[in-house]
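Okay, so here's the structure we're looking at.
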Amino acid sequence: MNLEQIKELIKVLEDSTLTSIEIEDNEQKVKLFKETRVSEVYAPVPPAVQEIAVEAPQAETKPAVEATQTINAPMVGTFYQSPSPDKGPYVQIGDHVTADSVVCILEAMKLFNEIQAEVAGEIVEVLVEDGQMVEYGQPLFKVK
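Residue 8 in my numbering sits at position 27 of the sequence shown, with consecutive numbering throughout.
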């Protein structure tokens, strides 16, 4: 079973009402579980609406916002910035990356997967901590 097939299984599990999937073939066994949460939601009482006349603010010039992209987690796993504890991180803030640059490792089911940037630009922010669990699609880095 390859990574793409595992990603498809994760998507099937996320999009369904199932809470787990278990697949076994001659060589591998894959178990996926979806965490279910039950929470109570209380609707707040809306405050009384009161009309207040407000003068329109004068037009302000705002500085142009720089467009940023994110590098997202392609799977659920544990985020690691470096190939091993005694080595430096793959990328740091200010580093320039290309689409095929390795930016981190995600550990899933005892497998360490090198994650490529898939975008080119400069790393402007690292959004997760080393050793943190990340979800599928969770932003890991901001790139401009």
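Just so you know, even glycine gets a beta-carbon here, dropped at the ideal spot from N, CA and C.
These numbers come from a predicted model, not from an experiment.
Item: From residue 86 to residue 67, what distance separates their C-alpha atoms?; Value: 15 Å
Item: What residues are listed by DSSP as bridge partners for residue 95?; Value: 86
Item: Specify the secondary structure class of residue -14 as computed by DSSP and reduced to three states.; Value: helix
Item: Helix, strand or coil for residue 115 per DSSP?; Value: strand
Item: Helix, strand or coil, according to DSSP, for residue 12 in the structure here?; Value: strand
Item: Taking the alpha carbon of residue 94 as the reference point, which residue from 109, 0, 61, 48 has its own alpha carbon closest?; Value: 61
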